[in-house]
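Going by this note's numbering, the sequence shown opens with residue 486, and the numbers climb by one from there. Glycine residues also receive a C-beta, built at the ideal position from the N, C-alpha and C atoms.
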Amino acid sequence: MEFVIYLVLGACAGVLAGLFGVGGGMIIVPVLVYSFALQGFAPDVLTHMAVGTSLATIAFTSVNSVRAHHQLGAVRWPLFVWLALGIVFGAVLGALTASAITGPLLQKIIGIFAICVAIQMAFELKPKAALGEPGKPALTIAGGVIGWASSIFGIGGGSLTVPFLVWRSVPMQQAVATSAACGMPIALAGAASFIWTGWAAAPLPDWSLGYVYLPALIGIAATSVFFAGYGARLAHRLSQRLLKRLFALLLVVVGINFLL
Numbered sequence: 486m487e488f489v490i491y492l493v494l495g496a497c498a499g500v501l502a503g504l505f506g507v508g509g510g511m512i513i514v515p516v517l518v519y520s521f522a523l524q525g526f527a528p529d530v531l532t533h534m535a536v537g538t539s540l541a542t543i544a545f546t547s548v549n550s551v552r553a554h555h556q557l558g559a560v561r562w563p564l565f566v567w568l569a570l571g572i573v574f575g576a577v578l579g580a581l582t583a584s585a586i587t588g589p590l591l592q593k594i595i596g597i598f599a600i601c602v603a604i605q606m607a608f609e610l611k612p613k614a615a616l617g618e619p620g621k622p623a624l625t626i627a628g629g630v631i632g633w634a635s636s637i638f639g640i641g642g643g644s645l646t647v648p649f650l651v652w653r654s655v656p657m658q659q660a661v662a663t664s665a666a667c668g669m670p671i672a673l674a675g676a677a678s679f680i681w682t683g684w685a686a687a688p689l690p691d692w693s694l695g696y697v698y699l700p701a702l703i704g705i706a707a708t709s710v711f712f713a714g715y716g717a718r719l720a721h722r723l724s725q726r727l728l729k730r731l732f733a734l735l736l737v738v739v740g741i742n743f744l745l
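Spelled out as structure tokens, the structure:
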């Protein structure tokens with residue numbers, strides 16, 4: 486039965502990610518926290534497992550998105566290379582940071598972040614181009630910060646990478662496409678680090694690889710890839726403003742619940 490839940494979660498994450506243009510991690514992490522708690526996972530490890538498993542799923546779900554953006558010629562690969570350099574180091578540092586935080590405190594940090602994303606979505610807060618396109622040092626430093634935060638929150642980094650690139654005068658379409666490509670190094674470095682930091686953690690449930698829970702990874706990855714395209718098509722038929730505000734409300738409820 487639990488595997489069916491993960492298949493459904495993957496489908497929902499894919500649809501919602503396609504609808505709202507946010508990474509599935511914003512949906513997957515909270516649901517996995519609730520799911521793992523119901524399954525009786527130890528409170529000390531369940532939040533770390535939700536984050537680590539979410540990062541591992543992004544490694545699979547981002548493939549189709551990156552391919553589509555690349556075929557459209559929208560990915561700025563020279564920018565990606567220097568961002569990715571910082572992202573890898575930042576993602577490893579983020580996993581180490583998360584491992585030093587207790588499970589309940591990590592939930593509260595994720596809750597605050599969910600509320601911040603909700604405010605951004607509800608009020609459609611978007612940065613304006615203020616500076617010229619970044620050079621290599623700026624990209625690497627920004628990548629480090631983005632990788633660090635994304636690894637802690639279990640996300641692909643789109644809510645951080647896109648605003649940064651737009652602020653640095655990269656056109657929105659290219660910013661979104663380059664951000665999608667950045668999800669891959671975030672996911673790979675972050676997931677690998679959570680496997681390593683959780684390798685000797687206890688008590689871990691069966692079928693765990695460090696802080697990555699394999700049944701959840703397989704179930705979510707199996708369905709989210711296919712349903713993301715459906716969500717993107719559905720987005721063109723529905724009111725984006727209403728959808729974003731409803732999703733923002735959901736994130737606020739999740740965030741408050743994590744904080745209480």
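| Item | Value |
| --- | --- |
| For residue 566, name the three-state secondary structure that DSSP assigns. | helix |
| How many angstroms separate the CA atom of residue 704 from the CA atom of residue 615? | 42 Å |
| What separation, rounded to the nearest whole angstrom, lies between the Cα atoms of residue 675 and residue 510? | 13 Å |
| Hey, how far is the Cα of residue 654 from the Cα of residue 603? | 24 Å |
| How do the stretch 548-557 and the stretch 510-526 stand: do at least 3 beta-carbon pairs fall below 8 Å, yes or no? | no |
| Label residue 644 either buried or exposed according to how many other C-beta atoms from any shown protein chain fall within 10 Å of its C-beta, with 16 as the threshold for buried. | buried |
| Below 8 Å, how does it come out for the stretch 589-596 and the stretch 655-663: are there three or more Cβ pairs, yes or no? | no |
| Starting from residue 693, follow its DSSP beta bridges and name the residues at the other end. | 698 |
| Is it buried or exposed, residue 519, if we count other Cβ atoms within 10 angstroms and call 16 or more buried? | exposed |
| DSSP state of residue 561, grouped into three classes? | coil |
| Return the first residue and the last residue of the alpha helix (DSSP H) that residue 723 is part of. | It is not in any alpha helix (DSSP H) - residue 723 carries neither H nor E in the DSSP assignment. |
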